[in-house]
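First up is the structure itself, then whatever we jot down about it.
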Amino acid sequence: MTGQLRRFAVPVLLLAAWQLAGSLDWIDATQLGSPWQTMLAFGQMQHDQVLLPSLGISLARAAIGLVLGGGLGLLLGVAVGLTRGAETLLDATLQMLRTLPHLALVPLFLIWFGIGEEAKVALVALGSFFPLYLNTFKAIRGIDPRLLELARIQSLTRLQLLREIVLPGALPGILVGLRLSLGAAWISLIVAEQVNANSGIGFLTMQARTFGQTDIIMACLVIYALVGLFADLLVRYAEKRSAAWQVAA
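Residues in the sequence shown are numbered consecutively from -7, following my numbering.
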């Protein structure tokens, strides 16, 4: 319990110092609202019935983009990891595309997909693609060659090889890729929602900026941080369960 309390000591002290500075007018409330003002902003957004609908829209965009981009990254990572032919055909091109900062492609996405949902989902999908692709590819190539030789001796089918050796052996690396993809998807969403959006948490942030509502902006930033932290904790929990399962196996 002591270790867990220590983990929260610094955040609590920072919040207390922030609140004290705001109460004593050491910081300009119009530039950086206090934690109490941020809490009141949460209540106001909930009262106006914009908080949960906006959060739901943002989560839906992130989930759809992650499934599309991360799912494709996982499939291609498995294909390239298992076959040299797929690696020769695809990996060099994908590595070249990976060097492009995907957030710089926003103007092109707006031209290609317009200002609707497609551009936002596409940006999230692109951001979540490469972490899962790279980590899946690396994890599969890191599987013990003796296991693959054993599968060959036992004449396992490709499906059996995938189910019994490849996926269990590569699972820790895949989960690392998923964790990174979640972070990239969330960052991509933040950028996407601040470009021609009319809904979502990012839209609330931009609207608050227009009216100088610093407390609303801080509340939206807290939402982004908490959702990102929660998603990261879920994947870390899955990583621990995966490690325990592999040890037991």
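We put the CB at the ideal spot given by N, CA and C, even for glycine.
Threonine 85 carries a helical assignment under DSSP once its states are collapsed to helix, strand and coil. Counting only the Cα atoms, leucine 226 lies some 16 Å from glycine 165. Following the DSSP letters along the chain, one finds proline 160 inside the alpha helix (DSSP H) bounded by residues 159 to 184.
For tyrosine 216, same chain residues with a beta-carbon under 8 Å away, outside a window of 5 residues either side, are Trp178, Ile182 and Ile193 in chain order.
Secondary structure of leucine 92 (DSSP, three-state): coil.
Three or more Cβ pairs closer than 8 Å define a contact, and the segment 48 to 64 meets that threshold against the segment 117 to 125. With 16 or more neighbouring CB atoms inside 10 Å of its own CB, phenylalanine 195 falls in the buried class. For phenylalanine 121, the enclosing alpha helix (DSSP H) stretches over residues 109 to 133. Counting along the chain, valine 59 sits inside the alpha helix (DSSP H) bounded by residues 43 to 74. The criterion of a C-beta distance shorter than 8 Å is satisfied by leucine 74 and valine 158. Annotation for tryptophan 18: no alpha helix (DSSP H) segment contains it, and DSSP assigns it neither H nor E. When C-alpha distances from valine 59 are compared across Ala162, Ala131, Leu118 and Thr30, the shortest belongs to Leu118.
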